[in-house]
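Just so we're aligned: 67 in UniProt numbering is position 67 of the sequence shown, and the numbers increase by one with no gaps anywhere. Even glycine gets a Cβ: it sits at the ideal position worked out from N, Cα and C. Please read all numbers here as calculations on a predicted model, not as lab measurements. Below is one structure; the comments refer to it alone.
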Amino acid sequence: MDGNRRFARKMNYKQSREGYFMGYDKLQEVLNICLHLGVKVVTIYAFSIENFKRPKEEVDTLMELAKNKFVELCEKRDEITSSIKSAIKLVENSHIQISVIKIVIFTVNCFWPEFSLWEMLPIILEYQLSYKSLKEKDQSPGCKLPLVCLNK
């Protein structure tokens with residue numbers, strides 16, 4: 001999910017917030033299409049550590065949107081929410097608000113209690129390998145693939 005702010009500017013919206021809400025609506029539309037086409041797995045990159053460098057008001061808006069939409073999804077239990085499978089890796093980080101961490105933990109338990117640690121590890125490894133700031137020098141000494149390497 002990228003380009004919500006650019007979209008808001010292009011449409012002459014006063015705030016980026018409107019672009020974020022429309023981006024979420026578009027995500028729901030895409031997930032419905034995927035479901036009806038029989039797509040089994042969808043990976044969504046929705047928020048990165050880079051986003052915390054934005055103005056506080058914008059970050060707060062994104063956190064509030066995430067909170068509200070996660071709660072809404074948990075309450076809905078429709079065809080999409082029953083089909084979604086996701087993995088979220090929580091990294092201790094002073095920038096991540098504790099309320100968001102609690103919401104994520106609640107959401108994961110609400111939607112995906114059937115995932116075991118062994119099912120999550122390959123997903124975490126894939127995330128680590130694709131994350132742009134992960135470099136070999138940042139990995140634990142002697143850590144070799146296919147193990148999950150933890151950053152220091």
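> When DSSP labels each residue in this structure, what does isoleucine 44 get in the three-state scheme?
Replying inline: Sequence index remark: in the sequence shown, residue 44 carries index 44 (1-based). DSSP, reduced to helix, strand and coil, places isoleucine 44 outside both helices and strands of the structure shown, so it counts as coil.
> Does the Cβ of tyrosine 45 have 16 or more other Cβ atoms within 10 Å, making it buried, or fewer, making it exposed?
Replying inline: Along the sequence shown, one-based indexing puts residue 45 at 45. Tyrosine 45 is classed as exposed because its beta carbon has fewer than 16 other beta carbons within 10 Å across all chains shown.
> With a CB to CB cut of under 6 Å and the five nearest residues on each side skipped, what residues in its chain are close to leucine 65?
Replying inline: What you label residue 65 is simply residue 65 of the sequence shown in a count that begins at 1. Cβ neighbours of leucine 65 beyond the five flanking positions: Tyr20.
>> Spatial neighbours of glutamine 15 within its chain, please: C-beta separation below 6 Å, excluding the five flanking residues on both sides.
In response: Counting from 1 along the sequence shown, the entry for residue 15 is found at position 15. If we look at glutamine 15 and ignore the five residues flanking it on each side, it has no Cβ neighbours.
>> At the 7 Å Cβ level, is threonine 43 part of the contact set with chain C, yes or no?
In response: Chain labels in this structure do not include chain C; a single protein chain is all it has.
> How is glutamine 28 classed by DSSP in three states: helix, strand or coil?
Replying inline: Position 28 of the sequence shown, counted from the first residue, corresponds to residue 28. Note: glutamine 28 maps to helix in three-state DSSP.
> How big is the Cα-Cα spacing for asparagine 51 and arginine 17?
Replying inline: The count along the sequence shown starts at 1 and reaches residue 51 at position 51. The count along the sequence shown starts at 1 and reaches residue 17 at position 17. Their Cα atoms are separated by approximately 14 Å.
> In whole angstroms, what separates the C-alpha of leucine 90 from that of isoleucine 49?
Replying inline: For the purposes of this step, residue 90 is taken as residue 90 along the sequence shown, with counting starting at 1. For the purposes of this step, residue 49 is taken as residue 49 along the sequence shown, with counting starting at 1. Interpretation of leucine 90 is limited by its pLDDT of 37, a score under 50 that renders its predicted location unreliable; the figure taken from the coordinates is listed afterwards. A direct Cα-Cα distance of roughly 11 Å separates leucine 90 from isoleucine 49.
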